[in-house]
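Quick note: the sequence shown uses the numbering used here, first residue 382, plus one each step.
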Amino acid sequence: MFNADPSSKPVNTKLPKAIIIMIEKNNLVMAIKTLAADENISMDEAKVRIDAYETQLKVKQQQKLNTIANKQGIPNQAISFDREQETEDKSDTLVKNRLKANKTGKSFKNLQDGVESQLDDLGYKKPLLPYWMKRLLVIAVVMAGLFWILWQVFG
């Protein structure tokens, strides 16, 4: 190829292996800095090259996904990187059923009541014995057993 500006350096489109690994691990800032330092180019040029590589990588991944989807009979529209998650604004359906009030001295009680109401809404039932009580009971039984054994041996 003919280069119009002989003082300019040839552009290497292939990225070094270390930079590719950084991009795949989603460490883009470090990849841009390292590429700019290694090849003595500006950060903007490094970002453009890395963005181009990322786009190329996403296209390859999309093509692989499409071929797999076609083999499995899944439509191409079901798998896409480009589309945004559909979020619907349902602010009018939000109903506030609790009044937030912080009375002095009752903040911990309010917190407990709120947690218990949330757990009740989820259908959580409290166990008969709390976990720490079961643990203490097991420790007490083991200690009583050891005491009884030692009493029989040395008593």
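Backbone N, C-alpha and C fix where the C-beta goes; we use that ideal spot for every residue, glycine too. No experiment lies behind these values; they were computed from the predicted model shown.
Less than 8 Å separates the beta-carbon of methionine 424 from that of alanine 417. For the pair isoleucine 413 and lysine 398, the CB atoms are not nearer than the 8 Å cut-off. The alpha-carbon separation between leucine 409 and methionine 403 amounts to approximately 7 Å. Judged by DSSP secondary structure, asparagine 447 falls within the alpha helix (DSSP H) whose first and last residues are 424 to 453. A direct Cα-Cα distance of roughly 23 Å separates methionine 514 from serine 498. With fewer than 16 other Cβ atoms inside 10 Å of its own Cβ, isoleucine 449 counts as exposed.
Where asparagine 491 is concerned, the enclosing alpha helix (DSSP H) starts and stops at 488 to 503. Leucine 509 sits in coil when the DSSP states are folded into three classes, being neither helix nor strand. Straight across, the Cα-Cα distance linking glutamate 420 with threonine 436 is about 21 Å. Assignment of glycine 536 by DSSP, reduced to helix, strand and coil, places it in the coil class.
The C-beta distance from threonine 415 to isoleucine 431 rounds to 10 Å, too long to fall under 8 Å, and the pair is not in contact.
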